[in-house]
Amino acid sequence: MPSLRLHSVSLAILALALLPASGTAADTPDSGKTIVRDGMSIQLPKGWASEESPAGRTVLIAHSPDKEKDDTGEFPTTLTIALHPAKPDGKAIQEANARELKDYKPLEPPRDLQINGAAGVALGGTFTQGVLKLRTRQYVLSSGDKGFVITLVMLESRWDKYHQLAEAAIATFHIGDAAKK
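Per the working numbering: the sequence shown = residues 1220 to 1400.
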């Protein structure tokens, strides 16, 4: 059931709100550490931390060094990567988000894209968690027999400030042999 897997990823992201903030301000992805595991690689922005992934389909949980604050609360910008066995179906994922995430509003209809040879879709929207107003974008990518979903979540009010930094890191994402370089 893809919707349950995506819901689990969302819960893992939201659990990061409880992590202590540490580190320095994020800079550019090319100055951060590169993570290589489970047939994928990605270069995180400078200062971002990666957490040990729980058992299951989650490959990576990473977060910004600081929790951002607004009038709804505080939350670290988070990026998770999970295995995704199916071909990308953006419409089905957005429908699952609407069922599983409180007050989910689609802002970005699914659009086709390619990142370093991996084909897929990107989609996004907003939702609430408690009093927090959050913005998300998901990239569902596959190459050969490997598939992943990358989920980016941050305070909605900080989207314009931080999404480009996180997306620059996502642009370094590779699946398969390229991940070993």
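Cβ atoms here follow ideal geometry from the backbone N, Cα and C, with glycine treated the same way.
Please classify L1320: does DSSP put it in a helix, a strand, or coil?
Here residue 1320 refers to the residue found at position 101 when the sequence shown is read from its first residue. Three-state result, L1320: coil.
Taking 7 Å as the cut-off, is the C-beta of K1252 nearer than that to any heavy atom in the ligand SAM?
The ligand content of the structure shown is nil, which means the ligand SAM is not present either.
Using three-state DSSP, classify G1275 as helix, strand or coil.
Indexing the sequence shown from 1 puts residue 1275 at position 56. G1275 falls in the coil class under three-state DSSP.
State the DSSP-derived secondary structure class of A1311, mapped to helix, strand or coil.
As a position in the sequence shown, residue 1311 is number 92, starting the count at 1. Assigned with DSSP and collapsed to three states, A1311 falls in helix.
With L1360 and F1294 assumed to form a contact (beta carbons below 8 Å), what rounded beta-carbon distance in angstroms separates them?
In the sequence shown, the residue the question calls residue 1360 occupies position 141. In the sequence shown, the residue the question calls residue 1294 occupies position 75. Actually they do not touch by this definition, with Cβ atoms about 25 Å apart.
Identify, in the order they occur along the chain, each residue of the same chain with its Cβ nearer than 6 Å to the Cβ of E1270, setting aside the five sequence neighbours on each side.
Here the question's residue 1270 lines up with position 51 in the sequence shown. Cβ within range, chain order: I1280.
Is it the case that the Cβ atoms of T1296 and K1321 are separated by a distance below 8 Å?
Locating residue 1296 in the sequence shown gives position 77, counting from the first residue. Locating residue 1321 in the sequence shown gives position 102, counting from the first residue. Against a cut-off of 8 Å, the Cβ pair of K1321 and T1296 comes out as no contact.
For R1354 and G1363, what's the separation of their Cα atoms in angstroms?
In the sequence shown, residue 1354 corresponds to position 135, counting from 1. In the sequence shown, residue 1363 corresponds to position 144, counting from 1. The straight-line gap from Cα to Cα measures roughly 30 Å.
Using a Cβ distance threshold of 8 Å, determine whether the segment 1285-1294 contacts the segment 1304-1318, with at least three qualifying pairs required.
no
Decide if the segment 1385-1396 is in contact with the segment 1259-1268; the criterion is three or more beta carbon pairs, one per stretch, under 8 Å apart.
yes
Inspect the beta-carbon positions of G1275 and L1351 and report whether they are closer than 8 Å.
Position 56 of the sequence shown, counted from the start, is the residue given in the question as residue 1275. Position 132 of the sequence shown, counted from the start, is the residue given in the question as residue 1351. No, the pair does not count as a contact, with Cβ atoms beyond the cut-off.
Using DSSP with H/G/I as helix, E/B as strand and the rest coil, what is S1241?
As a position in the sequence shown, residue 1241 is number 22, starting the count at 1. Because S1241 carries a pLDDT of 34, less than 50, the predicted location of this residue cannot be relied on, and the following value inherits that uncertainty. Note: S1241 maps to coil in three-state DSSP.
Among all the DSSP beta bridges, which residues are the ones paired with L1371?
Within the sequence shown, residue 1371 is the residue found at index 152, counting from 1. The partner list for L1371 (beta bridge, DSSP) reads L1298 and R1356.
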